[in-house]
Each structure stands twice: as C-alpha cells, then as structure tokens.
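Protein sequences, first through last, are from chains A and B. Under my numbering, the first sequence has 68 at position 57, and the numbering climbs by one with no breaks. Under my numbering, the second sequence has 98 at position 87, and the numbering climbs by one with no breaks. So the structure is just underneath, and the comments pick up after that.
2 protein chains.
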Amino acid sequence: MGRWDPDAGGRLQHSAMTLYLERGYEAVTTAEIAEHAGLKKRTYFRHFADKREVLFAGAEAFQSFVVDAVVHAGTDRAPMDVVITALADSGTLLEPYRDYTRARRDLIASSTDLQERDLIKLASLTAAVAEALREREVEPLQATLTAQAGVAAFSTAYDLWADDDGTSDFGRLVHQTLDNLRRAIGAA
Amino acid sequence: MGRWDPDAGGRLQHSAMTLYLERGYEAVTTAEIAEHAGLKKRTYFRHFADKREVLFAGAEAFQSFVVDAVVHAGTDRAPMDVVITALADSGTLLEPYRDYTRARRDLIASSTDLQERDLIKLASLTAAVAEALREREVEPLQATLTAQAGVAAFSTAYDLWADDDGTSDFGRLVHQTLDNLRRAIGAA
DNA sequence: GCCGGTGATGACACCCGGTGCCATCGACAG
DNA sequence: CTGTCGATGGCACCGGGTGTCATCACCGGC
Chain A
12 MGRWDPDAGG RLQHSAMTLY LERGYEAVTT AEIAEHAGLK KRTYFRHFAD KREVLFAGAE
72 AFQSFVVDAV VHAGTDRAPM DVVITALADS GTLLEPYRDY TRARRDLIAS STDLQERDLI
132 KLASLTAAVA EALREREVEP LQATLTAQAG VAAFSTAYDL WADDDGTSDF GRLVHQTLDN
192 LRRAIGAA
Chain B
12 MGRWDPDAGG RLQHSAMTLY LERGYEAVTT AEIAEHAGLK KRTYFRHFAD KREVLFAGAE
72 AFQSFVVDAV VHAGTDRAPM DVVITALADS GTLLEPYRDY TRARRDLIAS STDLQERDLI
132 KLASLTAAVA EALREREVEP LQATLTAQAG VAAFSTAYDL WADDDGTSDF GRLVHQTLDN
192 LRRAIGAA
C-alpha cells in the first residue's frame, strides 16, 4: 500500500473503517488514516471532503439508483407506490454488504458528528426523490410529503433489517414498514 | 457590553445572529462573535458547545414543551392525535418570533453545516416524542413511526408558515399538512 | 470595612480538521 | 530520451475547540 499503488480511495476507506472500529471515530485522526493507507493527510483530503465523508462514499450512487427508479417507473402508478418500490428495490445494493452495513450503522450511532452527516444524506435523498416526483407532474407539496413518508419508512426498515437475524428480505420489510406507517398515521 | 455585564449568553446570541446575517455564517469567526459581545473566544465556548449551537439555543425548551404536551395528554386520545396536537400547539412558542424565525431559516438554508445541526435537532425531537409515546404504552415501532410522521408534517408546515404572508395560523397549518400527508401516503 | 470563597472570565498553549500553493514523482506518448 | 499530465507530498496557515491556570467581580461573614 505504498505511495503509488492503485485504488487510493478504496484503501483510504478500508483504513478509515478499520481504525474507526478499532479505536472509535473521535480517537482517530485523518493523518493516521492516510498513514495507514500509505498516504499523507493532504492526499486524504483530495479523495474525501472531510473526516466523515469517507464513510458515505456510496451515497451518491445509491441516491442515483433510487431517483432513476422513480423517474423511469410506469406513468400509471401512484406516487407513493413508485417511491416505496424504488426504495424497496434499492435493497439489492445493500444486501451484499449486510455485515458491513451493521458495523457502519453502529459506528454512526456512536458519534453525533456522524449522525449529522447521515441525516443530511437522508435529507438529500428525500429532496431528490421529491424532485423526481415533480418531474412526474406530481403536485409539489404532495411530492415533498410522499418523499418524506417513503424515506421515513425506508429508514426505519433499514434499522430493523440491520438488527434482525439475517433472514429477512429488505424490500419486504420496507413495504411492511410503510403499512405500519399507514396504521400509525390513520386513514386517508 | 463589557466584560462583566449581565446576560453574556444573550449578548453572544445577538452578536452571532447580527454578524452571520451581515457577512454569512462561514465568513464569521467565533472570536469575532465574542469580541462583538465584549467577550473572548474562550468564553464563547463556555456558553455554547460550538459555532453552530448559538443558533439553536431554544431547541431544548421547545422539545420539552412538546414532550410535556404528549405525556400529559388525555389517555383516551389516539397517538397521532396527541402528537400532532402537541406540535400544532407549539406554535405559541414560535408565533412571537415569526420574523426572526424567517431570517434564521434562511441563514440555516445557506450553510450545510447549519442544515446538519438543524436536522439532528429535528431527529432529537422525533426520538423524544417517540419515547414519550412509549411511556403512554404505545407499541415501540408504532411510536417511532407516529413520531416520524408527526415531525415530518410539523417540519413541512414550519417551512410553509415561514414563507407565507404572515396571516396563517401555525397550528392550523400543521393539521392541514398532516391531512396532506395522509393523502400522500394512501389509505390505512 | 476587611477577608475569604465562589463563579465567570481571560491568557496561553495546544491539537486537529481543513486549505492554498508549489514542488515532486511516476507513467506514458512521441 | 524528453515533455507532459495527473497524483502525491511538503509546508505554511487559518479557524474551531479544549485543558489549565491566573485573574477579576461579587457576596456573605465577621
């Protein structure tokens, strides 16, 4: 893992995760992460915008996946159905990394800094989904609320999925959580 | 506003808001805020945990108000009704500061750092409301989802309220937004 | 009217996250 | 062999945030 070895970004991600899990997020410095990957602090910040971002590398691709699914869904489907199906199907991106997901989730729970970053990624996803709905001619306020409800169900399902014994299907969990949300909120 | 004048915390809040609005959040340093209030940087950090927190001073009292309303609501009322009424009634704390609220909202929108802090305050409110529901013997998952839906409606109504012409009633807006959320999510 | 305690503030040094700027290195084309 | 280009390093710097100790105003007891 010397200076000119390939995949510097990937090495940094792996080093960061390793050190964060070993000693806790706050106790690790960016210089140490870089050193562990055979690089320097200055180079770390060329690959990731800040100390937290290294844990959220996949967020952009994930969001694109969901937005694409919303944009390209059949025009006859109801907004909420489109959103929840897109989010449920995103499980295909998550399933292969179930164990990693769990460790990452616990790490995030251990630091308010990381929680803040996690929340703004969810907010970004919500805004992007709402925007995609508006492109489908959904009324703006309804688009916002549908996106919020969908992402709330997704987020709660995500936690349930990360916690359980590993036999559950993510997409199914998302749909069930939306049904629970419907019960919680009362009849339309 | 010398060294030993009273209400140092309040002076810091006022100085921060003034300077942030004048020059933008990122362009102001904590040392400048302290100086403007007749204090030193070290003292600023004895009153507020970090550069952002000075804009969220009322959050704790606000959350307590909402949680109390949930805890002390009549035992015969449905969870969602309890939550949305508590949030709608919180408007009495907001109404007197409508203009300030608007300026603060725009300021937060101008900085991702501030957005992150805003989101974690909302998440904290959501968690506290969910916990209050569980004390009312609401089933845990339903408590979480009810709190999420309620706070989502509150948050969206808050934006609508800050944007409009100043004649609308906050509580009414919160209830209407929940109705819209019900329409968005579909029948129970 | 002096005296000691207490809480708020200041002074100072320090660490770390983050950035601007320029030097340097390796690979690769010609 | 050489020139170019992208990735990396070196370095100085800024600002947020903290630990530690000194200093100040105030207040109660005597």
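Note that the Cβ used here is the ideal one computed from N, Cα and C, for glycine as well.
Go through its chain and collect everything with a Cβ distance to Ile95(A)'s Cβ below 6 Å, but skip five positions before and after it.
Excluding sequence neighbours, Ile95(A) sits near Gly161, Leu189.
Compare the C-alpha of Asp110(A) against each of Trp15(A), Glu37(A), Gln187(A), Asp170(A) and name the closest.
Ranking Trp15(A), Glu37(A), Gln187(A), Asp170(A) by Cα distance to Asp110(A) puts Asp170(A) first.
Pairing CB atoms from the stretch 111-123 of chain B with CB atoms from the stretch 179-195 of chain B, are three or more of them under 8 Å?
Result no; under three Cβ-Cβ pairs closer than 8 Å.
Given Ala168(B), which residues of its chain have a CB within under 6 Å of its CB, disregarding the five upstream and five downstream residues?
Counting only Cβ-Cβ distances below 6 Å, and skipping sequence neighbours, we find Leu184, Val185, Thr188.
Do Ala48(A) and Leu23(A) come within 8 Å of each other at the CB atom, strictly closer than that value?
The answer is yes: Cβ separation under 8 Å.
Anyone know if the C-beta pair for Glu127(A) and Ile131(B) falls short of 8 Å?
Yes, they are a contact pair.
Exposed or buried, which one is Arg14(A) when buried takes at least 16 other CB atoms within 10 Å?
Exposed, since its Cβ has fewer than 16 Cβ neighbours within 10 Å.
Please state the DSSP three-state secondary structure of Lys146(A).
The residue asked about is misnamed: residue 146(A) is Glu in this sequence, not Lys. The answer is helix: DSSP assigns Glu146(A) an H, G or I state.
Going along the chain, which residues of its own chain have a beta-carbon closer than 6 Å to the beta-carbon of Val78(B), five neighbours each way excluded?
Excluding positions up to five away in sequence, the list reads Ala139, Ala143.
Is the Cβ of Ala134(A) closer than 8 Å to any Cβ of chain B?
Yes, because at least one Cβ of chain B sits closer than 8 Å to the Cβ of Ala134(A).
Can you tell me whether Ser101(B) is buried or exposed? The criterion is at least 16 other CB atoms within 10 Å of its CB, across all chains shown.
Ser101(B) is buried by the Cβ-count criterion.
DSSP three-state label for Tyr36(B), please.
It is coil, neither helix nor strand.
Under 8 Å between the Cβ atoms of Leu156(B) and Leu192(A)?
Yes, Cβ-Cβ distance for Leu156(B) and Leu192(A) is below 8 Å.
To the nearest angstrom, how far is the alpha carbon of Pro107(A) from that of Ala68(A)?
Cα to Cα, the separation comes out at about 16 Å.
Can you name the residues of chain B whose CB is closer than 8 Å to the CB of Arg128(A)?
Those within 8 Å of Arg128(A) in chain B are Glu127.
For Lys52(B), is the classification buried or exposed, using 16 other Cβ atoms within 10 angstroms of its Cβ as the cut-off for buried?
Lys52(B) should be labelled exposed.
Roughly how many whole angstroms lie between the Cα atoms of Arg88(A) and Ala97(A)?
Their backbone Cα atoms lie some 12 Å apart in a straight line.
Could you have a look at Phe59(B) and say whether DSSP puts it in helix, strand or coil?
Here Phe59(B) sits in coil by DSSP.
Mind checking the stretch 81-94 of chain A against chain B and listing, in chain order, the residues whose C-beta falls within less than 9 Å of any C-beta there?
Correct list: Ala89, Pro90, Met91, Asp92.
Can you give me, in chain order, the residues of the stretch 137-165 of chain A that have a beta carbon less than 7 Å from any beta carbon in chain B?
The residues in question are Leu152, Gln153, Thr155, Leu156, Thr157, Gln159, Ala160, Ala163.
Could you have a look at Lys51(B) and say whether DSSP puts it in helix, strand or coil?
Coil.
Check the Cβ-Cβ distances between Ala116(B) and every residue of chain A, and say whether any is below 8 Å.
Here the sequence assigns Arg to residue 116(B), which means Ala is not the residue at that position. Answer no: the Cβ-Cβ gap between Arg116(B) and chain A never drops below 8 Å.
Mind checking if Ile119(B) is an interface residue toward chain A, Cβ cutoff 8 Å exclusive?
Closer than 8 Å: no.
Which value, in whole angstroms, describes the spacing of the CA atoms of Thr123(B) and Trp172(B)?
Thr123(B) and Trp172(B): Cα-Cα distance of roughly 22 Å.
If you draw a straight line from the C-alpha of Leu136(B) to the C-alpha of His58(B), how long is it?
Between Leu136(B) and His58(B), the C-alpha separation is close to 22 Å.
Tell me whether Pro90(B) is buried or exposed, calling it buried when 16 or more other Cβ atoms sit within 10 Å of its Cβ.
With 16 or more other Cβ atoms within 10 Å, it is buried.
In whole angstroms, what separates the C-alpha of Ala70(B) from that of Leu104(B)?
For Ala70(B) and Leu104(B), the distance between alpha carbons rounds to 11 Å.
If I'm right that Leu202(B) touches Ala19(B) with Cβ under 8 Å, what's the distance once you round it to whole angstroms?
Residue 202(B) lies beyond the range of chain B shown here (12 to 199); nothing can be said about it.
State buried or exposed for Gly177(B), treating a residue as buried only when at least 16 other CB atoms are found within 10 Å of its CB.
Gly177(B) should be labelled exposed.
Nearest-angstrom Cα distance between Phe56(B) and Leu66(B)?
Rounded to the nearest angstrom, the two C-alpha atoms are 14 Å apart.
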